[in-house]
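Student: Before anything else, here's the structure in question.
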Amino acid sequence: MIENTTKIKEAKKILKQYFGYDDFREGQRELIAAVLSGRDVLGIMPTGAGKSMCFQIPALMMDGITLVISPLISLMKDQVGALNQAGVHAAYLNSSLSTGQYLKALQFAREGRYKIIYAAPERLETGGFLDFALSGSVRISFLAIDEAHCVSQWGQDFRPSYLKILDFLGKLSYRPVVGAYTATATEDVRDDIMDILALRDPYVLSTGFDRSNLYFAVKKPMDKYKELLRYLRAKEKETPGISGIIYCLTRKSVEEVCYKLRSEGFSVTRYHAGLSDEERRENQDDFIYDRRQIMTATNAFGMGIDKPDVRFVIHYNMPKNMESYYQEAGRAGRDGEPSECVLYYEPMDVRTNRFFIENNKENEELDDITREIVKERDLWRLQQMTFYCFTAECLRNYILKYFGQAGAGYCGNCLNCLTQFEEVDITGEARSIVQCIKGNRMNYGITILLDILRGANNQRIRTRHLDQNPEYGKLAHVAAPRLRQIIQEMQYRGYLELSGDEYPVVKMNRQAGKLLENGGQLVMKLAKEKSGKESGDFEARAGKKGKRNKTGAAAALSEKDARLFEELRKLRKEIAAREKVPPYIVFSDKTLALMSSSRPQYEDEMLRLSGVGEYKLEKYGEQFLEVIVKWRG
Ligand code: ADP
Ligand code: ZN
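So the sequence shown is numbered by our numbering: it starts at 95 and just counts up by one.
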C-alpha cells in the first residue's frame, strides 16, 4: 500500500510534467494504481472522461513497452500526435503507413525508442509484427485495449479482429497486465469484455454516465431551419469561431442544410457516406483543424473524432435510438467545458426511422425469427427515443434512467429543468381521443386522428366520411403540437399504442376504457404556454441565472480577457498550421482561457496553469508569454 502511495505520487507528477494537469479526474487514480500493482482492469468511463490517461501514465512508469490496441486510424493518429506534442515517444502501426514507414517504425520499436505503440487489432496476426513482439529482446509489459466494447457482438461496433487479441496473448511467453477501456457499459457488453479477453480478476471501475457539462434540450420548432439560423447567429455573436456539429438523418438533408448555411455565409462543411473517401477526409480535417466551424453530417461522422472543443451538437432530426443520440450528442464538450446538445423533433422523423428499421439491409442475413426479434427491439428503442422528445421530466434524468443509472431527478442544466411546467387536467381531451378511435373502429394513424379531432376539411376526411365521427372537430381549440403531446403521453402511460405496421395505426390499450369511466382522470405536466417571442434554450438559461450563458472555456472571462483569449487562439492556430496538428493539440481552450485570466509574466507562472506541461512550456511558452506581456502593456 505504501509502495502504491509513492507510485501514485509519481503518477501525479507525470500527469503534470507531461500533460500539464494538476489532478486526476474521477476514476483515473484507481485505474492507474491497479495497473501499477500488476492487476488487470476494466475501466468504464463516458466519452471525454479521460480514459487515455489511464493507460498512458502507467505506460510511462512501467518497464518495457505498452501496446495499445485501438480500432481506428484516426483515433491512433490523434493520440499519438498528442503524446508526441507532450514529449512522449509514441508510434502507431496501421494500414495508413507505407511498407517502408512500417518497417522503419518496427525497427525503431525494436531499438526501444517508443514507450507506447498503438496498433490496429489486425496487426496482431501479421508476420512482421509477430516477429517483433515475440523477439526475446522485446517485453510488452502492458496491453491496453481501447474501445474494448468492439469485442462484443452485443455492441453496435463489433470488430471480429478484436477476438484475436486473446490468441495474441497466448503466443507471448509471459503475460502482460491487461487493461480494457470503454464508454459502453451495458451488462452484456461488460461480461463479454471480461470473458472474451479473459481478464484475470480485473479491478472493474465504472464512473457512471453523467456528463454534467452538457446542457440538453428538445425543441419542436415550427420552422426548423429558421430556428437553426437563430441559434447559430446567437452562438456566433456570443463566442465567435466556436465549433459545432449538426446531425441530419439523411444525406439529402445534410446537403440541403449545408448548402443553405453556406449561402448564409457560415463556415460549414459536410460529411456522409455518399462522398468520396478523399472528400470525407478533407472535410473532416477542415473541421478538426478549425478551418471550418460547422460540420453537417449523417451519423457516419464521428467515430474516432476526438476534437475536444465541440461546443454544440444539434440533431436536426431525431436519431433512431437513445444509444445513438447519447453517443452523438456526447461528442460535445469532451474537454469538460459547458456545451449544448439540442434536438429538433419533427413527427416525420419517426416515420423515416421506422422506414429504416423496416428496411434494414443489415438484418437480411438473419433468420426470420431473429429478424423479427431485432425489429421489435429496434422499434421499442425508437419509441423510447420518441418519449425522450416528449417527456416533461429532467432530460438528463431520462437519459441516465435509460442507461440504468439513477439520476437526481433535477439537474438544473436541461431545458425541462429550466422550463416552468404546470399540471394540466387532460381528461377531456383524452376521452375525446379514445372515443374518436372507438367511433371509427379506427384504423388510422396519428395524422388522420388529429385531422378528425381538429375538424380538418381535406380530401382524406371527405372521401372517407370521417366528418361523421362524433368527435369530429371537438378539439379544434387545441393546437396540433399539444394534441400530439397528449397522444404521446397517453402512449407512454399505456392508454394507447401504435401498431407495428408500415403505416402505424393508433390503437386503444386495455387501460383506455378506464378513462371513459366516471372518475377516470388523467393529469399531465405541460410547459406553460409562452407569450410573445419564443424563448430559446440559452435565453431561458440566461433568465434563470441572471447572466448570459456562454458555452466553452471563455464563458467565465471578462470582456477584456475574452479579447486576449481571441489573440491567443490566433497564435495557436498559426502554430498548429505550421506543425500540421489540430489547434487543440497545442493547447486546449481551457488552458488559453486560464492564460487570459491569469496573464502569467514568467515561465514558472505559466507552468502552474492546467494544461501546461514542461515540454510544451519549452516549446511554446515564450511565444504565448510574448502576446500576453504585450497585452498587459
Ligand atoms: P476519453 O478517451 O475517455 O473519451 P480522453 O482520454 O480523450 O477521453 O480525454 C478527454 C480530454 O480530457 C482530453 O483533452 C484530455 O487531455 C483531458 N484530460 C484527461 N485527464 C485529465 C485530467 N486529469 N485533468 C484535466 N484534463 C484531463
Ligand atoms: Zn434536467
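Glycine residues also receive a C-beta, built at the ideal position from the N, C-alpha and C atoms.
#1: Would the C-beta of Cys-508 count as close to ligand 3, meaning under 7 angstroms from any of its heavy atoms?
#2: Identify every run of the alpha helix (DSSP H) within the segment 466-539, keeping only runs that are complete inside it and at least 4 residues long; order them along the chain.
#3: Any beta-carbon of chain C closer than 8 angstroms to the one on Val-407?
#4: DSSP state of Cys-342, grouped into three classes?
#5: So, are the CB atoms of Val-129 and Leu-154 less than 8 angstroms apart?
#6: Checking the sheet assignment: what are the DSSP bridge partners for Ala-184?
#7: Say yes only if the C-beta of Cys-488 is nearer than 7 angstroms to one or more non-hydrogen atoms of ligand 2, and no if none qualify.
#8: If we count the other Cβ atoms within 10 Å of its Cβ and call it buried at 16 or more, is Val-617 buried or exposed?
#9: In this structure, does DSSP put Lys-619 in helix, strand or coil?
#10: Throw me the rounded Cβ distance for the Met-416 and Met-479 pair, which I believe falls under 8 angstroms.
#11: Span of the alpha helix (DSSP H) holding Thr-278?
#12: For the beta strand (DSSP E) containing Glu-591, list its first residue and its last residue.
#13: Looking only at its chain, what residues have a beta carbon closer than 6 angstroms to the beta carbon of Ser-370, apart from the 5 residues adjacent to it on each side?
#14: Can you tell me whether Pro-220 is buried or exposed? The criterion is at least 16 other CB atoms within 10 Å of its CB, across all chains shown.
#15: Could you tell me which residues DSSP puts in a beta bridge with His-409?
#16: Per DSSP, what kind of secondary structure is Asp-631 in: helix, strand or coil?
#17: Say yes only if the C-beta of Met-316 is nearer than 7 angstroms to one or more non-hydrogen atoms of ligand 1, and no if none qualify.
#18: Please list the terminal residues of the continuous beta strand (DSSP E) segment that includes Thr-390.
#19: So what's Phe-236 in DSSP terms, helix, strand or just coil?
#20: DSSP puts Tyr-309 in a beta bridge; with which residues?
#21: Report yes if the CB atom of Leu-544 is closer than 8 angstroms to the CB atom of Leu-577, and no otherwise.
#22: Which residues in the same chain as Tyr-709 place their Cβ atom closer than 7 angstroms to its Cβ, once the five residues preceding and following it in sequence are excluded?
#23: So is the beta-carbon of Asn-307 under 7 angstroms away from any non-hydrogen atom of ligand 2?
#24: Quick check: the segment 288-296 against the segment 153-171, are there 3 or more CB pairs under 8 angstroms?
#25: Kindly indicate the opening and closing residues of the alpha helix (DSSP H) around Gly-175.
#26: Out of curiosity, what's the CA-to-CA distance linking His-243 and Glu-466?
#27: Could you tell me whether the segment 332-343 touches the segment 400-414, using the rule of 3 or more Cβ pairs below 8 angstroms?
#28: Among the residues of its own chain, which have a CB less than 7 angstroms from the CB of Val-351, if the five just before and after it don't count?
#29: Using the beta-carbon count (16 or more within 10 Å), is Ala-647 buried or exposed?
#30: What residue from Arg-356, Gly-614, Lys-145 and Leu-476 has the CA that sits closest to Gly-522's CA?
Tutor: So, to answer that:
#1: As presented, the structure is devoid of ligand 3, carrying ligand 1 and ligand 2 as its sole ligands.
#2: 489-496 and 521-534
#3: Protein chains in the displayed structure number just one, and chain C is not present.
#4: coil
#5: no
#6: Ile-210
#7: yes
#8: exposed
#9: strand
#10: 5 angstroms
#11: Run containing Thr-278: none; DSSP gives neither H nor E here.
#12: 590-592
#13: none
#14: Checking the sequence, you will find Thr at residue 220 rather than Pro. With fewer than 16 other Cβ atoms within 10 Å, it is exposed.
#15: Tyr-341 and Leu-437
#16: Here the model assigns Asp-631 a pLDDT of 47, short of 50, so the residue's position is not dependable and the matter cannot be decided.
#17: no
#18: 388-391
#19: strand
#20: Glu-434
#21: yes
#22: Tyr-112, Ala-180 and Gly-181
#23: no
#24: no
#25: 167-179
#26: 25 angstroms
#27: yes
#28: Ile-340, Cys-342, Thr-390 and Tyr-410
#29: buried
#30: Gly-614
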